[in-house]
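I have placed the structure first, in the form of structure tokens, so that the comments after it can refer back to it.
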Amino acid sequence: FTNLETVLTALCDYFPRHLMRHRMLLTGLFCVFVYIAGLCFVTQGGVYVFQLVDWFLATLTVTIVSLLECVVLGWLYGADRFSEDIQMMIGRKPPVFFRLLWCFATPFLMVVLFVFTLLRYKPPTYGDYHYDVWGSVLGWIVAAVSFVPIPAVVVYKLYRAKGTLLQRLRLTTKPDDCWGPADITRRKLYQRQILQRAPRSA
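Counting in full-length UniProt numbering, the sequence shown runs without a single skipped number right up to 202 at its last residue.
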């Protein structure tokens with residue numbers, strides 16, 4: 001359910017005009033798609049497919065995505081801004097310990113884990129079964145499909161932005177002023193907090 005809501009919410013937030021009105025239909029279509037895609041895991045050889053996918057997704061891709069999430073959250077969006085967002089939702093800021101984890105400890109550990117994984121990489125196996133070259137190629141494709149959209153969107157946003165490369169980087173990595181709660185009252189409160197925060201960050 002969590003994974004389903006994550007994907008659907010991201011799609012609806014990105015295309016609100018087209019998808020919000022058809023949320024029920026989108027949910028049904030997505031469930032059918034995931035069901036069909038998952039059938040290969042319940043066949044007689046499904047465990048081999050599962051092992052192949054898990055071999056690549058559970059190590060390289062998860063590590064890279066986790067690293068990027070920490071960089072975006074801690075450094076681009078800002079750990080302080082995120083802490084104030086949490087305070088607005090639950091009434092208190094998370095401990096400083098969490099901000100240290102977001103900005104320093106977790107990114108460092110993800111880099112170490114990623115390098116360690118690459119150094120110890122070996123072709124996928126399942127018990128005594130060794131996958132052919134096509135198995136490794138398929139695994140890398142699966143890993144790429146889940147990761148490539150991130151740099152692809154970055155390149156697309158930079159391409160669409162105007163100015164020099166440095167100006168484009170600043171523009172595309174700056175939090176948008178339109179971000180905030182959907183509720184009008186809370187959004188106004190959020191905007192006031194942004195204005196109060198602006199002199200400190202200037």
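Beta carbons: idealized from backbone N, C-alpha and C, even for Gly.
Note that the structure is predicted; figures quoted are calculated from it, not measured.
Quiz item: Can you give, in chain order, each stretch of the alpha helix (DSSP H) that sits fully within the stretch 80 to 162 and has at least 4 residues?
Solution: 96 to 100, 106 to 119, 133 to 147 and 149 to 160
Self-check item: For L4 and A10, the rounded distance between their alpha carbons
Solution: 10 Å
Self-check item: Touching by the beta-carbon criterion (3+ pairs, under 8 Å), the stretch 174 to 187 and the stretch 101 to 114
Solution: no
Exercise. Could you have a look at residue 203 and say whether DSSP puts it in helix, strand or coil?
Key: Residue 203 lies beyond the stretch modelled for the chain, which goes from 1 to 202, so this question has no answer here.
Self-check item: Beta-carbon contacts of A161 that lie in its chain and below 7 Å, excluding the five residues immediately before and after
Solution: R168, L171 and T172
Quiz item: To which residues of the same chain is F1 closer than 7 Å at the C-beta, ignoring the five residues directly before and after it?
Solution: none
Quiz item: Taking the continuous alpha helix (DSSP H) assigned at V7, which residues delimit it?
Solution: T2 to Y14
Practice problem: Keeping to the same chain, check which residues put their C-beta closer than 8 Å to that of V7; ignore five residues upstream and five downstream. | Solution: F30
Quiz item: Can the beta-carbon of Y121 be found less than 8 Å from the beta-carbon of L52?
Solution: no
Quiz item: Are the beta-carbon atoms belonging to L142 and L57 less than 8 Å from one another?
Solution: This sequence places Val at residue 142; Leu is not what is there. Yes. Within cutoff.
Practice problem: Indicate whether S136 and P151 have their beta-carbon atoms separated by less than 8 Å. | Solution: no
Quiz item: Between which two residues does the alpha helix (DSSP H) containing G28 stretch?
Solution: R23 to G38
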